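Each remark here refers to the structure printed beneath this line.
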């Protein structure tokens, strides 16, 4: 079932649950307004969709791929038996795969990507440009989708991601990958689900080697307040997918790691202050932004520990064991998931002595993290940093870019 039809089904259920013609009419009118607004903003996604569709044609058709010079191939597999338990596996084309593996046959780095979509939408083909690009660089790329709200809740989605991780670890070698060199990557709600899956399996799993979290939500209650400020909280699937506000803390990685004692509760006035600060930063030249954010301590440096750790740090370390290194990425111009949620998670990780790296991109918005592939416009900072992490060309440092 296409993800857009699930969104329609969710809206239908919500309207049906209301009593009285007037409340139903108001909610239908709101859905109509929001849909038009989102449709207009979606026009910005057209170039991304065209690149993805073109890449999909290249990697699925051997003839087209040969004519257009594609260096990757894709295969679809199922990691469990429910409708959306599927992955697309991108590999370098056979001749290049053989050359890259060489005589030692150690296997290529593996990238497992979990997409976003407000816990309720997304299609595998959307990420074809990413899969093709990274596979051509010498990675085995596994793009995973999962079951959506309203079919399932976030609790089930976390289990889907854990199953996708397990499947990748068991099967990546058959595609030329190295099971000891898997990087889990999540974007937006996919970053939230990825971190939840890692925390739930932290004491029993060797895979993944590292985790990249791009523009993610880590404290659900705070982001709900942010959505309320934007006027999208009633349309967003987030509250319903989590089973109501009473479950927000249960599915908030920052709080599970003891973040409440470090960060405190978020309020509407806190968000207003941060948004004013963000507007001031965006008004500056990029070079000025970098210097100001560094000097003001707005981008927390990565590392393994910090001064004045909370009393619960040792307890949390014992609870979750040794987490893989976490790379946080966020965009200053992101209006969907603000950059400061990643900064808050960085504070919690430092307080608990977990290893991390934290990068804010001064020119990036929410789409930048998935739209930076196959663009044909030279170096792109996000893409460059991701390839460095996956291929370990050099250790990505904490910085503003």
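Numbering (our numbering), first residue to last: 14 to 414. Built from N, CA and C at the ideal position, the CB exists for glycine as well. Quantities reported herein were computed from a predicted structural model and do not represent experimental measurements.
- Residue environment for residue 145: buried (at least 16 other C-beta atoms within 10 angstroms of its C-beta).
- Taking the Cα positions, residue 234 is about 29 Å away from residue 399.
- The DSSP-derived three-state label of residue 70 is helix.
- In this structure the region 256–269 does not lie against the region 288–299, because fewer than three pairs of beta carbons, one per stretch, are closer than 8 Å.
- The DSSP assignment places 153–157, 190–200 as complete runs of the beta strand (DSSP E) inside the region 125–204, in order along the chain (cut-off: 3 residues).
- The three-state reading of DSSP puts residue 59 in helix, counting H, G and I together.
- Under DSSP, the beta-bridge partners assigned to residue 340 are 225, 370.
- Residue 248 is bridged by DSSP to nothing; it lacks a bridge partner.
- Between residue 154 and residue 231, the gap from beta carbon to beta carbon reaches 8 Å or more.
- In this structure, residue 89 places its C-beta atom within 8 Å of the C-beta atom of residue 99.
- Residue 310 and residue 356 have their C-alpha atoms some 10 Å from each other.
- Residue pairing for residue 99: DSSP places it in a beta bridge opposite 91.
- Closest by C-alpha distance to residue 204, out of 158, 238, 248, is 158.
- Of all alpha-carbon atoms in 304, 240, 404, 156, the one lying nearest the alpha-carbon of residue 349 is that of 240.
- Residue 161 is not a Cβ neighbour of residue 138, given a cutoff of 8 Å.
- A residue is called buried when at least 16 other Cβ atoms come within 10 angstroms of its Cβ; residue 119 does not meet this threshold and is exposed.
- In this structure, residue 302 lies near residue 375, with their beta-carbon atoms less than 8 Å apart.
- Residue 123 and residue 32 have their C-alpha atoms some 51 Å from each other.
- Spatial neighbours of residue 197 in its own chain (CB-CB distance under 6 Å, excluding positions within 5 residues in sequence) are listed in chain order as 125, 207, 221, 224.
- In this structure, residue 386 lies near residue 143, with their beta-carbon atoms less than 8 Å apart.
- Within the same chain, and ignoring the five residues on either side of residue 101 in sequence, the residues whose Cβ sits closer than 7 Å to its Cβ are 87, 89, 137, 144, 156.
- The beta-carbon distance between residue 147 and residue 403, rounded to whole angstroms, is 7 Å. This is short enough to meet the 8 Å contact definition.
- Counting only residues of its own chain and dropping the five nearest sequence neighbours on each side, residue 236 has a CB closer than 6 Å to the CB of 230.
- Secondary structure note for residue 242: its alpha helix (DSSP H) is the uninterrupted segment 233–243.
- Ranked by Cα distance from residue 333, the first of 83, 167, 212 is 212.
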